[in-house]
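Asks: This note's numbering applies: residue 89 is where the sequence shown begins, and numbers increase by one.
Let me give you the structure first, and then I'll get to my questions.
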Amino acid sequence: MFIIEYYFSSEKIIYLTDFNVYNYIFHEGSITTTQNLKYFKGVFKAENYILDIFKSNNREKDYKYHLNRKINFFISQILSNEIEKKGELEDVFKLFSKFFKKISIYDITPKDDLYKIALYLIENNDIDNFNHLKHINKKS
Numbered sequence: 089m090f091i092i093e094y095y096f097s098s099e100k101i102i103y104l105t106d107f108n109v110y111n112y113i114f115h116e117g118s119i120t121t122t123q124n125l126k127y128f129k130g131v132f133k134a135e136n137y138i139l140d141i142f143k144s145n146n147r148e149k150d151y152k153y154h155l156n157r158k159i160n161f162f163i164s165q166i167l168s169n170e171i172e173k174k175g176e177l178e179d180v181f182k183l184f185s186k187f188f189k190k191i192s193i194y195d196i197t198p199k200d201d202l203y204k205i206a207l208y209l210i211e212n213n214d215i216d217n218f219n220h221l222k223h224i225n226k227k228s
C-alpha cells in the first residue's frame, strides 16, 4: 500500500534498470509466512485500500495492470495455505469471491490453467475439489 501511495504522490520517479535491490528478513511465524484466515483478511483489506487509492487518484483504469500482476499471487497463496478447517477455508473463499465480484469489471483471468481451475472452484465454493487440487499441486 505504501508503494502505491508513494507512486501517486511522487512528482518524479526514476527506474533503476541496471540492478535490483531487495532486502527480505524472514521471521518464522510472522503474518506474511502464515497463510491463515487472518492473513487473507489482511491481504484483501489491503487490496481494497489499494483500489481506493487508484480511484482517488483518477487512475482506476490502471488498476487492471496492478491486478494482472497480483491475480496469480493471490491464487498461489490460497493453493499453498495450510488451512484445513472447512469453515475457515469457506471464509477465505468468501473473501476472495467478494473481492473478485467487486473487480469483475476489469475482466481479469489467471494466465495459468491450474489457477483458472482454482479460481473456478473458489468462485463456486467447491471446497472438496479445491482441496483435492491443492494436494495434487503440492505433489508436483
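Positions of the beta carbon are idealized from the N, C-alpha and C atoms, including for glycine.
A quick note: this is a predicted structure, and the numbers were derived from the prediction, not measured.
Rounded to a whole number of angstroms, what is the C-alpha to C-alpha distance between N213 and H154?
Replies: Cα to Cα, the separation comes out at about 26 Å.
Asks: With H, G and I counted as helix, E and B as strand and the rest as coil, what does DSSP make of N145?
Replies: In the structure shown, N145 sits in coil (DSSP, three-state: anything other than H, G, I, E or B).
Asks: How is L214 classed by DSSP in three states: helix, strand or coil?
Replies: A small fix is needed here, since residue 214 is Asp in this sequence, not Leu. D214 falls in the coil class under three-state DSSP.
Asks: If we ignore side chains and look at the alpha-carbon of each, how far apart do F186 and K222 end up?
Replies: Checking the displayed sequence, the identity of residue 186 turns out to be Lys instead of Phe. Going from the Cα of K186 to the Cα of K222 covers about 21 Å.
Asks: When we look at the beta-carbon of A134 and count the other beta-carbons within 10 Å, is it buried (16 or more) or exposed?
Replies: The residue in question, A134, is exposed, as its Cβ has fewer than 16 Cβ neighbours within 10 Å.
Asks: Give the secondary structure of E172 by DSSP, where H, G and I count as helix, E and B as strand, and everything else as coil.
Replies: Three-state result, E172: coil.
Asks: Express the C-alpha separation of Y208 and N160 in angstroms, rounding to a whole number.
Replies: So the alpha carbons of these two residues sit roughly 13 Å apart.
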